[in-house]
Amino acid sequence: MTGVGGGSLMTPLLILVFGVKPVTAIGTDLAYGAVTKTVGGWRHWRQKTVDLSMSTWMAFGSVPAAVAGVFVLKKLERSEGAGFDSTILVLVAIALLLCAVTMLARLFFPAVSDREQESATLTPARKVLATSLGVVIGFVLGITSAGSGSLIAVALILLFRLTPRRVVGTDVFHAAVLLWAAALAHLVAGDIDFGLAGNILVGSIPGVWLGTRWSVLVPVGALRVALGLLLLGSGLALLAKAGASVPTPVLAVFPVSVLALAAYVILRRPRDEPSSPAPGKPFGAAVAPTAE
């Protein structure tokens, strides 16, 4: 529904809830994510919400950078020895906290609807900017499996002024290409649990199919806030697992905040208020839902 959150949430879930080894969790997350993002990317392509030129220029940087990230990860595994798992937990936690702060910061972005556009005008300087953005995101994703959604989404809004639906569609479409590159690199490195990935796909493929269709029908602003809070909690929990001193009451604040936000949104919205803003309108603007 939002283009973000799936990969960022799956890795900490695999580590914290199911006890999967961190490097295997990263590789498996990327493998399952490549399939689900492909389904979502195809759906967004059908809905004409993808800026193909922007996705292509970002991929020129992100694909090789993701492969380089996996290479660096394996070098760390060989050099760190017994402390490797803790190092990876800290790296993933930092990536999650960065994604969370980025997602929550979008609440304070100024309205730019008068300058939003369906397709970005890619001058030579903007092509270099898009490729450089891809390099950063690809490298972070190759090492941690996080960042392909929230970080790129913010950049597409602030730097390229794409409309909300174009942001989601372009983000998901590009992520499909990027995740396949990173997943194949982890496949060569032997970091993927195929049985686990298959189990996740049983639920995630229909979830992506429905979520993509509902992306124009639900209030994604509140959902992004909830995801941001959950990512903050996940990042702190991973730091605690790595040995950092994080009080349990601090961790409990985040799921409670998500529940409070959900209750607030449900109770605050009038029953006759549409559930989704129109493309290009800020969250909360009253408009009629549009058909696909």
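Here the sequence shown is numbered in this note's numbering, starting from 154 and rising by one per residue. C-beta atoms are modelled at their ideal positions from N, C-alpha and C, and glycine is treated no differently. Computed from a predicted model, the values in this text were never measured in an experiment.
- prompt: Val-355 and Val-192 look like a contact to me (Cβ under 8 Å); what is the Cβ gap, rounded to whole Å?
  reply: At roughly 13 Å, the Cβ-Cβ gap does not stay under 8 Å, so Val-355 and Val-192 are not in contact.
field: Backbone CA spacing between Arg-377 and Val-220 [nearest angstrom]
entry: 29 Å
query: Who are the near neighbours of Val-223 in its chain, counting only those whose CB is closer than 7 Å to its CB and skipping five residues on each side?
result: Gly-295, Ala-335, Ala-338, His-339 and Ala-342
- prompt: If you check the beta carbons only, do Val-321 and Ser-215 fall under 9 Å apart?
  reply: no
message: Give me the residue from Val-281, Leu-332, Asp-238 and Lys-201 with the minimum Cα distance to Ala-393.
response: Asp-238
message: Using a 10 Å radius around the Cβ and a threshold of 16 neighbouring Cβ atoms, would you call Lys-190 buried or exposed?
response: buried
- prompt: With DSSP run on the structure shown, which of helix, strand or coil describes Thr-181?
  reply: helix
Residues of its chain near Ala-248, where Cβ-Cβ distance is below 7 Å and the 5 sequence neighbours each way are ignored: Val-293, Thr-297, Ala-299 and Gly-300
field: Per-residue DSSP class, three states only, for Ile-345
entry: coil
task: Return the CA-CA distance between Val-225 and Thr-323, expressed in angstroms with no decimal places.
output: 28 Å
query: How big is the Cα-Cα spacing for Ala-246 and Trp-198?
result: 32 Å
- prompt: Pro-175 to Thr-164, Cα distance in whole Å?
  reply: 8 Å
message: Contact defined as beta carbons within less than 8 Å: I believe Val-288 pairs with Ala-218. What is the distance between those atoms, to the nearest angstrom?
response: 4 Å
task: Use the C-beta contact count for Leu-167: other C-beta atoms within 10 angstroms, 16 or more gives buried, fewer gives exposed.
output: buried
query: Taking C-beta to C-beta, are Val-173 and Ser-357 nearer than 9 Å?
result: no
- prompt: In three-state DSSP terms, what is Met-256?
  reply: helix
field: Val-409 versus Leu-385, Gly-396 and Pro-317, residue with shortest Cα-Cα distance
entry: Leu-385
field: Buried versus exposed call for Ala-278 [16 or more other C-beta atoms within 10 Å across all chains shown]
entry: exposed
field: Thr-209 versus Ser-398 - alpha carbon distance
entry: 43 Å
- prompt: For Val-203, does the three-state DSSP call read helix, strand or coil?
  reply: coil
- request: Would you mind reading off the limits of the alpha helix (DSSP H) that contains Thr-284?
  value: 277-297
- request: Using only alpha-carbon positions, find the residue among Thr-177, Leu-242 and Lys-201 that is nearest to Ala-390.
  value: Leu-242
Backbone CA spacing between Ala-184 and Gly-302 [nearest angstrom]: 16 Å
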